[in-house]
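The sequence shown begins at 39 in the numbering used here and counts up one residue at a time.
Let me begin by presenting the structure, written as structure tokens, before commenting on it.
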Amino acid sequence: MVDYNSLVLEGLKILFSDKNNEFVKKLYDSLDKYSVH
Numbered sequence: 039m040v041d042y043n044s045l046v047l048e049g050l051k052i053l054f055s056d057k058n059n060e061f062v063k064k065l066y067d068s069l070d071k072y073s074v075h
């Protein structure tokens, strides 16, 4: 039987892997330029 919780956790690990973190940082950095602080 499949343990869906562990599947979801593995998926999240992949989503938040280093490569994606770099992408997310770049995305937020570019959004940051257009936002007013």
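Ideal placement from N, C-alpha and C gives every residue a C-beta, glycine not left out.
CB-CB under 8 Å to Glu-48, same chain, minus the five flanking residues each way: which ones, in chain order? Reading the sequence shown from its first residue, position 10 is the one you call residue 48. Closer than 8 Å at Cβ, skipping near neighbours: no residue.
For Val-62 and Ser-68, the rounded distance between their alpha carbons: Within the sequence shown, numbered from 1, the residue matching residue 68 stands at position 30. Within the sequence shown, numbered from 1, the residue matching residue 62 stands at position 24. Their Cα atoms are separated by approximately 10 Å.
Backbone CA spacing between Val-44 and Phe-54 [nearest angstrom]: Taking the sequence shown and counting its residues from 1, one reaches residue 44 at position 6. Taking the sequence shown and counting its residues from 1, one reaches residue 54 at position 16. Here residue 44 is Ser; the residue named in the question, Val, does not match the sequence. Each residue's alpha carbon lies about 15 Å from the other.
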